[in-house]
Amino acid sequence: MRRGNILSLDSGGFHRLHYQEWGSASNERVLICVHGMARNSRDFDELALALSRNYRVICPDLPGRGESDWLANPKDYSLVQYVQDMVALIARVDAARVDWIGTSLGGLIGICLAAQPNTPIRRLVLNDIGPFIPQAALQRIAGYLGDHRFDDESAMESWLRDLYTAFSGLSDRQWQHLVTHGQRQCDDGRLGLHYDPAIAVNAAENSRADVDIWSLWERVDCPQLLLHGRESDVLRLETVQQMQSRRPDLQVHSLDGIGHAPALMSKDQITLLVDWLRATQSQVFTDKEEL
Numbered sequence: 002m003r004r005g006n007i008l009s010l011d012s013g014g015f016h017r018l019h020y021q022e023w024g025s026a027s028n029e030r031v032l033i034c035v036h037g038m039a040r041n042s043r044d045f046d047e048l049a050l051a052l053s054r055n056y057r058v059i060c061p062d063l064p065g066r067g068e069s070d071w072l073a074n075p076k077d078y079s080l081v082q083y084v085q086d087m088v089a090l091i092a093r094v095d096a097a098r099v100d101w102i103g104t105s106l107g108g109l110i111g112i113c114l115a116a117q118p119n120t121p122i123r124r125l126v127l128n129d130i131g132p133f134i135p136q137a138a139l140q141r142i143a144g145y146l147g148d149h150r151f152d153d154e155s156a157m158e159s160w161l162r163d164l165y166t167a168f169s170g171l172s173d174r175q176w177q178h179l180v181t182h183g184q185r186q187c188d189d190g191r192l193g194l195h196y197d198p199a200i201a202v203n204a205a206e207n208s209r210a211d212v213d214i215w216s217l218w219e220r221v222d223c224p225q226l227l228l229h230g231r232e233s234d235v236l237r238l239e240t241v242q243q244m245q246s247r248r249p250d251l252q253v254h255s256l257d258g259i260g261h262a263p264a265l266m267s268k269d270q271i272t273l274l275v276d277w278l279r280a281t282q283s284q285v286f287t288d289k290e291e292l
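The numbering of the sequence shown is my numbering, which starts it at 2 and goes up by one.
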């Protein structure tokens with residue numbers, strides 16, 4: 002794994018965007034993995050390692066998360082800003098085309114990019130996210146964001162386990178990985194979550210109504226895989242069914258007993274993604290480029 006940084010612009014000036022890179026830097030098959038609202042790039046370590054055999058995998062920390070800079074203006078924690086940052090990242094890695102795996106917010110960013118004319122997005126994996134999010138789910142997410150403090154790693158792990166019930170199948174080692182890379186040292190000596198608490202400002206504002214970007218998603222014409230946690234309140238069954246109705250070629254894989262959002266850390270989930278990427282490569286690569 003290698004680390005890198007780029008500069009991107011927000012309303013207050015430039016900020017540094019951090020990313021992890023896996024696989025050969027000369028591999029033209031580039032795949033970008035983008036995390037959810039309160040998560041960070043290290044969520045994808047196991048997936049990136051598996052995919053790096055065939056891809057150059059880029060896993061960024063969105064601004065205000067992980068090792069990326071916090072933004073001076075909380076209002077800049079917006080979808081428009083994240084899209085702009087990801088455009089800068091794609092330019093930095095010098096990729097003409099990229100595959101995209103997006104969990105939750107990362108999937109919304111992927112939809113926005115893939116819907117544009119002359120998009121560089123070649124294939125799109127949406128992890129428990131679609132073009133419609135009910136207000137109640139947005140309010141739940143906004144409700145857990147904030148400046149949480151913990152006395153030690155054990156207390157933090159307990160809180161994370163209670164919050165991320167969709168990750169219930171993870172091993173103790175995997176939970177420790179999330180704790181190790183999901184913490185920051187606070188001024189009072191306690192542990193905080195590895196994100197800027199100010200991301201809660203826009204999250205609260207945006208939870209006043211449903212998210213509805215059907216018109217945008219309908220412009221996406223690349224191959225897509227939709228992962229659906231059957232217990233998800235963010236991606237409801239009726240949304241999945243409507244997506245299938247509007248896009249009959251959409252491939253959907255529903256995961257029993259899992260809510261929002263699948264961790265993409267289990268062997269079964271990683272294999273599912275590896276197999277789909279292999280199965281669809283003939284649709285997007287030339288004979289010379291195929292793996």
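Note that CB positions come from ideal geometry on N, CA and C, so glycine has one too.
Given the structure is predicted, the values throughout are model-derived calculations rather than measurements.
query                                                                                                                                                             : result
Nearest-angstrom Cα distance between I200 and D276?                                                                                                               : 35 Å
Assuming L114 contacts M87 (C-beta within less than 8 Å), just tell me the rounded distance between them.                                                         : 6 Å
Identify which residue in L256, D148 and D213 has its Cα closest to the Cα of L227.                                                                               : L256
Return the Cβ separation of L217 and I112 in integer angstroms, given the expectation that the two are a contact with Cβ distance under 8 Å.                      : 6 Å
Do the CB positions of Q243 and V253 come within less than 9 Å of each other?                                                                                     : no
Confirm, please, whether the CB-CB distance from G230 to P198 is below 9 Å.                                                                                       : no
So, with DSSP's three-state summary, where would you put G258?                                                                                                    : coil
My parser needs the beta strand (DSSP E) runs of 3 or more residues fully inside the stretch 131-219; what are they?                                              : 184-186 and 192-194
Spatial neighbours of L76 within its chain, please: CB distance less than 8 Å, with the 5 preceding and 5 following residues excluded, ordered by chain position. : First, the amino acid is wrong: residue 76 is Lys here, not Leu. Here the set comprises S12, V202 and N203.
Does the contact criterion of 3 or more C-beta pairs under 8 Å hold for the stretch 135-145 versus the stretch 60-77?                                             : no
To the nearest angstrom, report how far apart T166 and I259 are at their CA atoms.                                                                                : 8 Å
For the alpha helix (DSSP H) containing V84, name the first residue and the last one.                                                                             : L80 to R93
By how many angstroms is the C-alpha of R4 removed from the C-alpha of H19?                                                                                       : 7 Å
On a CA-only basis, which of G193, E219, D44 and C187 is nearest S267? Give me that one, please.                                                                  : D44
Helix, strand or coil for L292? Go by DSSP, reduced to three states.                                                                                              : Any answer about L292 is weak, because its pLDDT of 49 lies below 50 and its placement is not dependable; what the coordinates show is given next. Note: L292 maps to coil in three-state DSSP.
Count the other CB atoms within 10 Å of the CB of E22; is the residue buried (16 or more) or exposed (fewer)?                                                     : buried
Expressed to the nearest angstrom, what Euclidean distance is found between the alpha-carbon atoms of S105 and G37?                                               : 5 Å
Does DSSP classify V325 as helix, strand or coil?                                                                                                                 : Any property of residue 325 remains undetermined from this structure, which presents the chain solely from 2 to 292.
Using the Cα positions of R248 and R124, report the straight-line distance between them to the nearest angstrom.                                                  : 15 Å
Could you give the distance in angstroms between the alpha-carbon of A205 and the alpha-carbon of S283?                                                           : 43 Å
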